[in-house]
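Residue numbers (our numbering): 27 to 720.
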Amino acid sequence: MDDVSIEDLTMEKHVIFVVSTAGQGEFPVNAREFWKALSAATELAVSETKVAVFGLGDSHYWPREEDAIFYNRPSKELHAKLIELGANPLIDLGLGNDQDADAFETAWAVWEPLLWESLGCKPLEGVVEEPKKSADDAMKIDSNYLRGTIAEGLLDDTTGQLRAEADTKLTKFHGIYQQDDRDLREERKKQGLEKAFSFMVRVRVPGGVATPAQWLAMDSISDVTANGTLKLTTRQAFQFHGVLKRNLKKNIQLINKSLLDTIAACGDVNRNIMCNPNPHQSDLHKQVNDFATDLSAHLLPKTSAYREIWLDQKLVKGEAVVDHEPLYGATYLPRKFKIVVAVPPNNDVDVFAHDLGFIAITNKDGTLAGFNVTVGGGMGMTHGNKKTYPRLADVIGFCTPEQAIETGEKVMLVQRDFGDRMNRKHARLKYTIDDRGIEWFKTELQSRLPFPLEEPRPFQFLDNADRYGWTQGQDKMWHYCCYIENGRVKDTPAEPHKTGLREIAKMHQGEFRLTPNQHLIIANVTEAQKPKIQVLLEQYKLDKLNYSAAMLNSMACVAFPTCSLAMAESERYLPSLVQLLESTIEEVGLRDDAVTIRMTGCPNGCARPYVAEIAFVGKAFGAYNVYLGGGHHGERLNKLYKESLTEPEIVAELTPMIRRWAAERLEGEHFGDFVIRVGIIKATLSGKTFHDLS
Numbered sequence: 027m028d029d030v031s032i033e034d035l036t037m038e039k040h041v042i043f044v045v046s047t048a049g050q051g052e053f054p055v056n057a058r059e060f061w062k063a064l065s066a067a068t069e070l071a072v073s074e075t076k077v078a079v080f081g082l083g084d085s086h087y088w089p090r091e092e093d094a095i096f097y098n099r100p101s102k103e104l105h106a107k108l109i110e111l112g113a114n115p116l117i118d119l120g121l122g123n124d125q126d127a128d129a130f131e132t133a134w135a136v137w138e139p140l141l142w143e144s145l146g147c148k149p150l151e152g153v154v155e156e157p158k159k160s161a162d163d164a165m166k167i168d169s170n171y172l173r174g175t176i177a178e179g180l181l182d183d184t185t186g187q188l189r190a191e192a193d194t195k196l197t198k199f200h201g202i203y204q205q206d207d208r209d210l211r212e213e214r215k216k217q218g219l220e221k222a223f224s225f226m227v228r229v230r231v232p233g234g235v236a237t238p239a240q241w242l243a244m245d246s247i248s249d250v251t252a253n254g255t256l257k258l259t260t261r262q263a264f265q266f267h268g269v270l271k272r273n274l275k276k277n278i279q280l281i282n283k284s285l286l287d288t289i290a291a292c293g294d295v296n297r298n299i300m301c302n303p304n305p306h307q308s309d310l311h312k313q314v315n316d317f318a319t320d321l322s323a324h325l326l327p328k329t330s331a332y333r334e335i336w337l338d339q340k341l342v343k344g345e346a347v348v349d350h351e352p353l354y355g356a357t358y359l360p361r362k363f364k365i366v367v368a369v370p371p372n373n374d375v376d377v378f379a380h381d382l383g384f385i386a387i388t389n390k391d392g393t394l395a396g397f398n399v400t401v402g403g404g405m406g407m408t409h410g411n412k413k414t415y416p417r418l419a420d421v422i423g424f425c426t427p428e429q430a431i432e433t434g435e436k437v438m439l440v441q442r443d444f445g446d447r448m449n450r451k452h453a454r455l456k457y458t459i460d461d462r463g464i465e466w467f468k469t470e471l472q473s474r475l476p477f478p479l480e481e482p483r484p485f486q487f488l489d490n491a492d493r494y495g496w497t498q499g500q501d502k503m504w505h506y507c508c509y510i511e512n513g514r515v516k517d518t519p520a521e522p523h524k525t526g527l528r529e530i531a532k533m534h535q536g537e538f539r540l541t542p543n544q545h546l547i548i549a550n551v552t553e554a555q556k557p558k559i560q561v562l563l564e565q566y567k568l569d570k571l572n573y574s575a576a577m578l579n580s581m582a583c584v585a586f587p588t589c590s591l592a593m594a595e596s597e598r599y600l601p602s603l604v605q606l607l608e609s610t611i612e613e614v615g616l617r618d619d620a621v622t623i624r625m626t627g628c629p630n631g632c633a634r635p636y637v638a639e640i641a642f643v644g645k646a647f648g649a650y651n652v653y654l655g656g657g658h659h660g661e662r663l664n665k666l667y668k669e670s671l672t673e674p675e676i677v678a679e680l681t682p683m684i685r686r687w688a689a690e691r692l693e694g695e696h697f698g699d700f701v702i703r704v705g706i707i708k709a710t711l712s713g714k715t716f717h718d719l720s
């Protein structure tokens, strides 16, 4: 709206407004200047102007009775002000509600025909409407196997963005998200400039294992084509932030030269496969990591669009593009699909939080016997929409190593064929299973497999944290796990971590393993090399591990300033919040008692907050929903404790709980178990009861 002035309204016969709701009943950022001018106006020559207003809101986003005024308030205020100034309503105000069965589309389907009728446009008689199609599926089909107009958009040097909305969706399949620096939005808007567009590029690293040469390449690429930092993600991938459009192809090509790539790191496909980086059981880790790598390769999209667009693979002259996707088909999956491999007793991958999981089961001699298979986990939800919820996966059977890749493929294909393609908020495997039942799923899966799944084998998880410092594997090789705050590898005057890891990579002969908790293991260090690496760890402050257990077990997503979905700070804020709690933690003698603490800037759950003992999920800037009672090993969902708490309120709520935990806990009792036992929060027994607070 800010692209037009209120005076422009006086020169139009018909004006249609569609306005969303931000924050606590506020106008969206790109409409605030327009509304400021309109709301201040006492006169405006709009008596000849006909208007219609449709609002986008969520009646449950602020659920307290006194907060009902926030629901669709911008559209209500806009409509009332226009009428007050003398404009003529074409039709009544329309209110789209995210709580409706088809979200905003439900009210729009009623409102739109009335709008056309008010404009004198009646539907043609005898015309049969086509069956409703998924807009995203149509976009994927029209894209010619993920090509779209990406190549043309990259050539447009008049803007820092890809203009075509479809291209910004398609680039996700290539591992790329279009973003802008939200810290700079207001200032650039005042200057009449477009947003500070850039791109996030995610590198696919199956199992999180990279060579020293690849680490050096990532380090260099971050300096040459990105913002100079390197992000280790919660899914064991590298991320570059601040990549300008003119540097995108160079970024991808340099990644490719390091023998890594970005295809399928995002999008409606199988994403980067995670794997426990277990440095102790050396032979077992190699077996499970090889499996993760092989499964990742097996499930990769086969389109040649990636190589054509980013690596300049040329078609033979006159050759028509003939492409196919033997597994995915032209519409790919309904939504993203996430796979992990866990190695008990450590559940650092949070195996129950993903669509598909493989739990390694060993023989008595420690070799790999096979995998228990888990299905139907997922973290994402929408604030206020109880039809969306996190869910823990079900253990459905056991397969041998030789059967595992086919099992993984067929699980994904069941979701391809039965997942909801009309409602993306209901399109993950967890909803397919809850809608149809786990027994239905097992029967459907079994019908596609040439072998029966066996009964699950016994297993036990004891923790989901990283083992910091030096540890030695069964093969006598050494491994050092560095604490990297929220996975952001950078240099500061006090902690030049990025330079230190670069120097280590120059001499290291083993591996770099990215952990699911966003930290880094310098793996497979020989006895002879260990003292040399220790010197570098000390020199560059990478040996600093004297943090509280709460800090060591905390994790946050990126959020501001680059993530477009963020409603609140996360990566930049969580450490300071944990520090506010540490004085109490240390005072009551709990400095070395681990508590899993997770923070996300929105409810989509990238840092897997809903299995944390304490979780903060952004609701609005400076306000977080607080969840309590998750399982310490990732085996139980947490539950909403209180909504929209500010920092002082969070500290005031948690401080007495921490004191009580110290005074009343049973021997070895974890915080998540304690708050349930003493009645502070109710246990969540299934995804469907996640929102049940009674």
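Quick reminder that beta carbons are idealized off the backbone N, C-alpha and C, glycines included.
Cβ contact annotation for P635 (same chain, cutoff 6 Å, sequence separation greater than five): R624, T626, A641 and V643, in chain order. In this structure, the straight-line span from the alpha carbon of A419 to that of G713 is close to 10 Å. In the displayed model, N512 falls within a helix according to three-state DSSP.
K102 is a Cβ neighbour of G81, given a cutoff of 8 Å. In the assembly as shown, D618 is an exposed residue. Its beta-carbon has fewer than 16 other beta-carbons within 10 Å.
Taking C-beta atoms under 8 Å as the contact rule, V604 and I684 fail to qualify, at a distance of about 12 Å. Contact between the segment 220–232 and the segment 256–276 is present: three or more C-beta pairs spanning the two stretches fall below 8 Å. Contact between the segment 297–306 and the segment 374–388 is present: 3 or more CB-CB pairs across the two stretches fall below 8 Å. The way I'd put it, the segment 353–370 doesn't touch the segment 465–479; fewer than three beta-carbon pairs between them come closer than 8 Å. DSSP places E52 outside any alpha helix (DSSP H), giving it a letter other than H or E. Cβ neighbours of N114 within its own chain (closer than 6 Å, five residues either side excluded): K76. DSSP places A678 in no beta strand (DSSP E) but in the uninterrupted alpha helix (DSSP H) bounded by E673 to E690.
If you compare the alpha carbons of G49, L475, S308 and N304 with that of A368, the shortest gap goes to N304. Taking L337 as the centre and dropping the five residues before and after it, the same chain places the C-beta of I278, Q279 and N282 closer than 8 Å to its C-beta, in chain order. In the three-state DSSP reduction, V604 falls in the helix class (H, G or I).
In this structure, DSSP gives H717 a state outside helix and strand, which the three-state scheme calls coil. Within the same chain, Q240 and A243 come within 6 Å of S284 by CB-CB distance, once the 5 residues on both sides are set aside. If the five residues before and after H311 are omitted, its C-beta is found closer than 6 Å to the C-beta atoms of N304, all from its own chain and listed in chain order. About 5 Å separates the CB atoms of Q125 and S85; that is less than 8 Å, so the two are in contact. Between C628 and M577, the C-beta gap is not smaller than 8 Å, which leaves the two residues out of contact. Distance between I385 and A94, taken at the CA atoms: about 46 Å. Going by DSSP, W241 is part of the alpha helix (DSSP H) stretching over P238 to T251.
In this structure, the CA atom of R333 is about 44 Å from the CA atom of E52.
Here S224 is bridged, per DSSP, to Q205. Cβ atoms of S602 and A585 stay farther apart than 8 Å, at about 14 Å.
The bridge partners DSSP lists for G627 come to none. Fully enclosed beta strand (DSSP E) runs of no fewer than 3 residues occupy 495–498 of the segment 482–506, in order along the chain. Taken through DSSP and simplified to helix, strand or coil, D93 comes out as helix. In this structure the segment 434–447 does not touch the segment 406–417; the number of beta carbon pairs closer than 8 Å is below three. Closest in alpha carbon position to Y653, among C632, K198 and A709, is A709.
Shown here, H380 sits in coil according to DSSP, grouped into three states, outside any helix or strand.
For the pair of segments examined, the segment 551–569 was found to touch the segment 518–533: the number of CB pairs separated by less than 8 Å reaches three.
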